[in-house]
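K.L.:
Would you mind keeping the following structure in view while I ask a few things?
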Amino acid sequence: SSSVSLSPLQMMDSEGDPGENQTISDGFILVGFSYLNKLQILLFLLLLVIYLVALMGNLFVILLIKLNPSLHTPMYFFLVNLSFLEICYTSSVVPQLLVHLLVEENTISLAGCAAQMYVFNIMGLTECCLLAAMAYDRYVAICHPLHYTTIMSSRACAQLAGASWLTGISVEVAQTAWIFSLPFCGSHRIHHFFCDIPPVLKKACADTLKVKILGFIVSLLFIMIPFLLIILSYILIISAILRLPSEEGRRKAFSTCSSHLMVVTLFYGAALITYLVPRSSSTPESDQMISLMYTAVTPMLNPIIYTLRNKEVKGALRKKIDTGIFAHN
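Per the UniProt record's numbering, residue 1 is the first one in the sequence shown, and the count goes up by one each step.
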């Protein structure tokens with residue numbers, strides 16, 4: 001005889017659902033971390049701290065840059081956009097998760113699910129494009145320093161940032177609308193803590209092949225192509241840095257890129273783990289832990305990275321503290 005081991009979420013699902021064969025019209029139940037039982041309170045406290053640190057950290061970065069004219073450069077213009085995006089990104093998921101960790105009924109309406117998916121995926125696609133724009137900014141600064149102010153003009157920066165936001169907003173309108181035009185049936189339970197595309201598509205009782213093809217095209221165009229552009233930018237950047245005559249010059253040049261490189265590694269690292277782990281070896285629990293990384297932990301770490309590893313930001317902060325201007329504003 002053979003035995004099959006089930007994960008906690010799979011065991012919960014095997015218990016069945018009163019509306020197993022009914023069309024879903026009133027919403028879903030987000031199973032989330034309900035299998036953790038008493039540990040949910042501990043998880044709530046941990047996530048609350050992480051969320052508050054992410055909010056305060058990103059707001060702090062935005063405020064510090066706005067109050068310091070010395071930081072009114074293209075790199076920090078993009079950083080303001082990134083910090084605002086991170087606030088929206090984590091706020092689209094974590095507050096609802098915090099509530100669901102405290103209540104028994106973890107329900108979400110179809111409209112609420114669609115709105116959450118839309119906002120979350122807007123932020124994901126926009127971040128990919130913004131990180132590519134930031135890599136291009138570093139490429140121009142290091143490889144074409146004499147033409148930097150001309151190429152990275154205020155208008156050019158606004159166009160790059162605007163294109164990043166417009167891409168996320170417009171692409172996700174089509175993708176989310178298509179997904180929620182499908183009929184949903186079977187169990188109301190979604191084995192996730194928010195309305196991500198893969199677990200929601202599992203509830204569709206229609207052919208999802210075309211939607212999955214669209215998702216693949218979106219990932220290819222707006223996730224992988226920006227990633228390849230970032231890699232290309234850094235190949236050219238590293239090549240230019242290695243040609244610099246002095247070791248001090250090479251160190252200073254690389255230090256201007258290190259923060260961005262760490263943020264890119266965090267963001268795409270979680271994404272690559274998600275897509276490279278074979279589906280046969282992944283579980284709902286492991287998927288949720290990876291999702292927690294990029295919905296809660298990464299937005300908290302990004303402002304810390306840019307504050308602690310960036311000499312200009314630390315210098316501006318010290319100046320504000322010394323003069324007392326930061327407190328009065």
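For every residue, glycine included, the Cβ atom is placed at its ideal position computed from N, Cα and C. Fair warning: this is a prediction, and the values are worked out from it, not measured in the lab.
#1: Looking at the secondary structure, which residues open and close the alpha helix (DSSP H) in which residue 333 lies?
#2: Given a cut-off of 9 Å, decide if residue 90 and residue 30 are closer than it, judged by their beta-carbon atoms.
#3: Among 306, 130 and 208, which has the Cα closest to the Cα of residue 223?
#4: Could you spell out the range, first to last residue, of the beta strand (DSSP E) harbouring residue 28?
#5: Since residue 274 and residue 290 should fall inside the 8 Å C-beta cutoff, what is the C-beta to C-beta distance between them, to a whole number of angstroms?
#6: Can you give me the C-alpha to C-alpha distance between residue 46 and residue 61, rounded to a whole angstrom?
#7: In angstroms with no decimal places, state the Cα-to-Cα distance between residue 158 and residue 50.
#8: Quick check on this structure: which residue in 183, 177, 148 and 127 has the alpha carbon closest to the alpha carbon of residue 219?
#9: Counting beta carbon pairs with one atom in the stretch 128-148 and one in the stretch 175-191, are three or more of them shorter than 8 Å?
#10: Along the alpha helix (DSSP H) that carries residue 212, what are the first and last residues, could you check?
#11: Applying the 10 Å Cβ sphere with the 16-neighbour rule, what's the burial state of residue 207?
#12: Quick one: Cα of residue 42 to Cα of residue 109, how far?
#13: So within the stretch 158-216, which uninterrupted alpha helix (DSSP H) runs reach at least 4 residues, ignoring any that extend past its ends?
#14: Label residue 304 either buried or exposed according to how many other C-beta atoms from any shown protein chain fall within 10 Å of its C-beta, with 16 as the threshold for buried.
#15: Measure the C-alpha to C-alpha separation of residue 236 and residue 257 and round it to an integer number of angstroms.
#16: Would you decide whether residue 65 is buried or exposed? Buried here means 16 or more other CB atoms lie within 10 Å of its CB.
#17: Please list the terminal residues of the continuous alpha helix (DSSP H) segment that includes residue 125.
#18: Taking the alpha-carbon positions, what's the residue 295 to residue 302 distance?
#19: Residue 23 by DSSP, collapsed to three states: which one?
#20: Run through the stretch 295-329 for me and flag every whole alpha helix (DSSP H) of 4 or more residues, listed as ranges in chain order.
#21: Once the 5 residues before and after residue 180 are set aside, which same chain residues still bring their CB inside 6 Å of it?
#22: Kindly give me the distance between the Cβ atoms of residue 58 and residue 299, rounded to whole angstroms, as I take these residues to be in contact under 8 Å.
#23: Express the C-alpha separation of residue 162 and residue 320 in angstroms, rounding to a whole number.
#24: Please name the residue in 240, 182 and 249 whose C-alpha comes closest to that of residue 25.
#25: Given residue 84, which residues of its chain have a CB within under 8 Å of its CB, disregarding the five upstream and five downstream residues?
#26: For the putative contact between residue 357 and residue 178, defined by C-beta atoms under 8 Å, what is the C-beta separation to the nearest angstrom?
#27: Classify residue 338 as buried or exposed, calling it buried when 16 or more other Cβ atoms lie within 10 Å of its own Cβ.
#28: Look up residue 149 in the DSSP assignment and give the residues it is bridged to.
#29: Which runs of the alpha helix (DSSP H) at least 4 residues long sit entirely within the stretch 215-280? Give them in chain order.
#30: Check the DSSP bridge columns for residue 107 and list the partner residues they point to.
P.N.:
Based on what the coordinates show:
#1: The structure shown has nothing for residue 333, since the chain only spans 1 to 329.
#2: In the sequence shown, residue 30 corresponds to position 30, counting from 1. In the sequence shown, residue 90 corresponds to position 90, counting from 1. Cβ distance not < 9 Å, so residue 30 and residue 90 don't count as in contact.
#3: Taking the sequence shown and counting its residues from 1, the one referred to as residue 223 is at position 223. Residue 223 has its Cα closest to that of 130, out of 306, 130 and 208.
#4: Here residue 28 is taken as the residue at index 28 of the sequence shown, counted from 1. Segment 28-30, the beta strand (DSSP E) holding residue 28.
#5: As a first step, residue 274 is located in the sequence shown; it is residue number 274 there, counting from the start. As a first step, residue 290 is located in the sequence shown; it is residue number 290 there, counting from the start. Taking 8 Å as the upper bound for CB-CB distance, residue 274 and residue 290 are in contact here, some 5 Å apart.
#6: Looking up residue 46 in the sequence shown gives position 46. Looking up residue 61 in the sequence shown gives position 61. Distance between the alpha carbons of residue 46 and residue 61: 23 Å.
#7: Here the question's residue 158 lines up with position 158 in the sequence shown. Here the question's residue 50 lines up with position 50 in the sequence shown. Going by the C-alpha atoms only, they are around 31 Å apart.
#8: Against the sequence shown, residue 219 aligns to sequence position 219. Nearest in C-alpha terms to residue 219, of all of 183, 177, 148 and 127, is 127.
#9: no
#10: To locate residue 212, count along the sequence shown from 1; it is residue 212. Run containing residue 212: 209-219, per the alpha helix (DSSP H) assignment.
#11: Along the sequence shown, read from residue 1 onward, the residue named residue 207 stands at position 207. Residue 207 is exposed by the Cβ-count criterion.
#12: Residue numbering aside, residue 42 sits at position 42 when the sequence shown is read from its first letter. Residue numbering aside, residue 109 sits at position 109 when the sequence shown is read from its first letter. So the alpha carbons of these two residues sit roughly 27 Å apart.
#13: Within the stretch 158-216, the complete alpha helix (DSSP H) runs of at least 4 residues are 197-201.
#14: Within the sequence shown, residue 304 is the residue found at index 304, counting from 1. Under this definition residue 304 is an exposed residue.
#15: Start at 1 with the first residue of the sequence shown, and residue 236 comes out as number 236. Start at 1 with the first residue of the sequence shown, and residue 257 comes out as number 257. Between residue 236 and residue 257, the C-alpha separation is close to 12 Å.
#16: The residue you call residue 65 lines up with position 65 of the sequence shown. Under the 10 Å beta carbon count, residue 65 is surrounded by 16 or more other beta carbons and is classified as buried.
#17: As a first step, residue 125 is located in the sequence shown; it is residue number 125 there, counting from the start. From DSSP, the alpha helix (DSSP H) with residue 125 extends over 110-143.
#18: Taking the first residue of the sequence shown as 1, we reach residue 295 at position 295. Taking the first residue of the sequence shown as 1, we reach residue 302 at position 302. Approximately 12 Å, taken between the alpha carbons.
#19: Counting from 1 along the sequence shown, the entry for residue 23 is found at position 23. Residue 23 falls in the strand class under three-state DSSP.
#20: 298-308, 311-323 and 325-328
#21: Translated into the one-based positions of the sequence shown, residue 180 becomes position 180. Sequence-distant Cβ neighbours of residue 180 in its own chain, meaning closer than 6 Å and more than five residues away, are 114.
#22: To locate residue 58, count along the sequence shown from 1; it is residue 58. To locate residue 299, count along the sequence shown from 1; it is residue 299. About 7 Å separates the two Cβ atoms, so the contact holds.
#23: For the purposes of this step, residue 320 is taken as residue 320 along the sequence shown, with counting starting at 1. For the purposes of this step, residue 162 is taken as residue 162 along the sequence shown, with counting starting at 1. Roughly 30 Å separates the two Cα atoms.
#24: Numbered from its first residue, the sequence shown carries residue 25 at position 25. Per the Cα distances, 182.
#25: For this step, residue 84 is matched to residue 84 along the sequence shown. Correct list, in chain order: 58 and 62.
#26: Given that the chain is displayed from residue 1 to residue 329, the structure contains no residue 357 and the question cannot be resolved.
#27: Nothing in the structure corresponds to residue 338, since the chain is present only between 1 and 329.
#28: Counted from its first residue, the sequence shown places residue 149 at position 149. None; residue 149 has no bridge partner.
#29: 225-242 and 247-276
#30: Along the sequence shown, read from residue 1 onward, the residue named residue 107 stands at position 107. BP columns for residue 107 point to 29.
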